[in-house]
Amino acid sequence: MGEVPRGMRAAVTVAASLLAMSVLPASASAEVTTVNERAPGNAICGTVCDGAPVELATENRLADGATIFGRSIELHISDRDAAGWATIGNGDPTDEVWLDRSFDGGETIAEERLGYTTIPAGQRGTSTLLSSLEDQATGRDAVLRACGKAGNRDDVVCTAWIGVETPSGTGRPATRAIDALVKLYDADTGLWKTTGWWNSANALTAVIDYMLVTGDRRHEWIIANTYEKNLDAQGGNFTNDYIDDTGWWALAWIRAYDLTGDPRYLETAKYDADYMWASRDDVCGGGLVWNIHQRYKNAVTNELFIKVAASLHNRIPGDTEYLQRALEIWRWFEASGMINAENLVNDGLSSETCQNNGQTTWTYNQGIILGALTELAWATGDDSYLARARELADASTTSEFLNPQGVLTEPCEPSCGADGPTFKGVYVRNLGELNAALVGRPYQRYLRHQATESYLHARNRFDQYGLCWAGPIVGLSAATQQSGAEAQLAPLRGLGGPRPPIVRRT
């Protein structure tokens, strides 16, 4: 096929691919075949069978599109029916359209030219018949892409590979990534092997979020095991000298409460929030310190507290205290100067001048605040918090520094020590939370692209994810696995539409 941009070489399976389109030379195409020319015994059936009329589809999601010489090629998917079809519009008679199908995310093509058809005389467009996205006989899931060409030209264009978009189902990339993450869990210690204390809080959060999003609760036992094995560890109740570490655990226990309704998790999160609040002082006009033995004011600690406190308010009927604390720290943080002129968040404030220290714009500092502002929007009913979050998200998703060639990249890559491998997972988690709260899910394309790139270039055959989502596969650990799993999970958030956090009465 010659040199083809990365996005056209392959793509991820379920809910993960929306890549840049490329025009392919005609020489890259297989010989033309049609559904009718395929032996009936080779037709694939799932909810529907290959060759079924489009009128049988119960949904119509425009999954992707491409253009060539003024023609529009579109891929349509009915998630409910696990089937898709291709259309061509604004064309001329003899223009061609078809589907290709793959069972390995687009790395190889299993069948080409499915439903091949041409625009009839006197028409400007046409559609293929349905092709299935699942093979009931083998249990395999497929992805499809729509391809087309002008009848009087050789060039071919194809959309991205796309599959069924659903938050549930075994065998999905998110499921396999979470299962691989769980394999690194040490049941004896209640923590994850190959990573640290606060990173384990994020790994636990990823597992719980997976269960909340998909309903697959096979790994629920990990929650109580982690809690009981570590309640008295470090400073007790998941605290230690680092205030940000405590914030990560508080968020994990809030998620555990959302899933299980067990009040002990909410009580622990409240204890942790109060512990964090006690680190507040008047240096630089307010805010929380990073470490109880130091005066450094940084972004991660204060962003985490805003999210923790706002989340608690959203889950404690009648609360006013946690909301006021969240608002106080947000107002201080926004005025502190840590958000720079490019709407990116630097690491913290200079201890001498209380000015932005100009240090690294880590991805997690761009992300946590998005989730925090989303919780504040739910807490207050004030959409201005979502508007501010969108300004910050627009900056980080379009930053060439953070997204070279469109792939989210940590500034420390390819060597990020023990902490950095967790950062990108935190970013896409929080961007996913914001995305799910917004009408039209405006960051869905970006999240799908990160899922696709990490799946294709950072994953090995054991569904283990490395540090660099653009490749190569390096630095495998529970932290890189957590981030890879979150990349696959983020596009699945909020598929049922925007909704507020769970509020339980205790």
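Numbering (mature numbering (1 follows the signal peptide of the UniProt record, and there is no 0)), first residue to last: -28 to -1, 1 to 478.
Glycine included, every Cβ here is placed at the ideal spot set by N, Cα and C.
So the beta strand (DSSP E) H48 belongs to, where does it begin and stop?
Per DSSP, H48 belongs to the beta strand (DSSP E) from R43 to S50.
Starting from the Cα of T369, find the closest Cα among L342, D354, T394 and C384 and give me that residue.
That would be L342, whose Cα lies nearest to the Cα of T369.
Pick helix, strand or coil for P(-4), following the three-state DSSP scheme.
Reliability of the predicted coordinates at P(-4) is poor, the pLDDT of 33 falling under 50, and the value obtained from them is presented with this limitation in mind. Three-state result, P(-4): coil.
Below 9 Å between beta carbons: does that hold for R85 and L105?
Contact flag unset, no.
Which listed residue (E79, D355 and E31) has its alpha carbon closest to that of G56
Nearest option by C-alpha distance: E31.
Need the endpoints of the beta strand (DSSP E) that R117 sits in, please.
Boundaries of the beta strand (DSSP E) harbouring R117: V115 to K121, taken from the DSSP string.
Could you tell me which whole alpha helix (DSSP H) segments of length 4 or greater appear in the segment 23 to 107?
Fully enclosed alpha helix (DSSP H) runs of 4 or longer: not present.
Compute the distance between the beta-carbons of A173 and A205, then report whether it is under 9 Å.
At a Cβ-Cβ threshold of 9 Å, A173 and A205 do not count as neighbours.
Using DSSP with H/G/I as helix, E/B as strand and the rest coil, what is N402?
Note: N402 maps to helix in three-state DSSP.
Just tell me which of T166, T161, K201 and V154 has its CA closest to the CA of Y182.
When only C-alpha atoms are compared, the closest one is V154.
How would you call P92, buried or exposed, if buried means at least 16 neighbouring beta carbons within 10 angstroms?
Of the residues assessed, P92 falls on the exposed side of the cut-off, its CB having fewer than 16 other CB atoms within 10 angstroms.
Going by DSSP, name the residue or residues bridged to D158.
Bridge partners of D158: L163.
Is the segment 396 to 411 in contact with the segment 444 to 462, if contact means three or more CB pairs nearer than 8 Å?
Cβ pair count under 8 Å is three or more, so yes.
By DSSP, does G466 sit in helix, in strand, or in coil?
Coil at G466, not helix or strand.
Cβ distance (whole Å) where D113 is taken to contact G135 below 8 Å
Taking a contact as a CB-CB distance under 8 Å, the pair D113 and G135 counts as one, their CB atoms being some 6 Å apart.
Applying the 10 Å Cβ sphere with the 16-neighbour rule, what's the burial state of H265?
Exposed.
In this structure, does DSSP put G219 in helix, strand or coil?
Correct three-state label for G219: helix.
To which residues of the same chain is K242 closer than 7 Å at the C-beta, ignoring the five residues directly before and after it?
Excluding sequence neighbours, K242 sits near L284.
Using only CA atoms, which one of D234, A313 and A122 lies nearest to residue 486?
What is shown of the chain runs -28 to 478, which leaves residue 486 out entirely.
Residue from A450, G42 and G187 with nearest C-alpha to V129
Checking every option, the nearest Cα to that of V129 belongs to G42.
Taking DSSP's pairing of strands, which residues face Y214 in a bridge?
BP columns for Y214 point to N263.
Cα-Cα separation between T346 and L358, rounded to whole angstroms:
So the alpha carbons of these two residues sit roughly 6 Å apart.
Selection from G259, S426 and N270 that minimises the alpha carbon distance to W302:
When only C-alpha atoms are compared, the closest one is G259.
Can you tell me whether I134 is helix, strand or coil according to DSSP?
Note: I134 maps to strand in three-state DSSP.
For Y437 and L448, I'd like the C-alpha separation in whole angstroms.
Roughly 6 Å between the two C-alpha positions.
Alpha-carbon spacing of L406 relative to R362, whole angstroms:
The alpha-carbon atoms of L406 and R362 are separated by roughly 8 Å.
Using DSSP with H/G/I as helix, E/B as strand and the rest coil, what is residue 490?
The requested residue 490 does not occur in the structure, where the chain is confined to residues -28 to 478.
Who pairs with N328 in a beta bridge, going by DSSP?
Bridge partners of N328: L321.
Compute the distance between the beta-carbons of D217 and W164, then report whether it is under 9 Å.
In this structure, D217 keeps its C-beta atom at 9 Å or more from the C-beta atom of W164.
Leaving out five residues on either side along the sequence, give the residues of the same chain with a beta carbon under 6 Å from the beta carbon of I311.
Contacts found: V317.
To which residues of the same chain is N274 closer than 7 Å at the C-beta, ignoring the five residues directly before and after it?
Correct list, in chain order: G259, L260, I301 and F305.
Note down, in chain order, each residue of its chain lying with its Cβ closer than 7 Å to the Cβ of R190, except the 5 sequence neighbours on either side.
Nothing meets the Cβ criterion.
To the nearest angstrom, how far is it from the Cα of Y427 to the Cα of T452?
Using only the alpha carbons, I get a separation of about 13 Å.
Do you know offhand how far A250's Cα is from I45's?
Going by the C-alpha atoms only, they are around 58 Å apart.
Cβ atoms of G23 and V69: under 9 Å apart, would you say?
No.
Of all the options R267, G162, N62 and T66, which has the alpha carbon lying nearest to the alpha carbon of E324?
Here the closest residue by C-alpha is R267.
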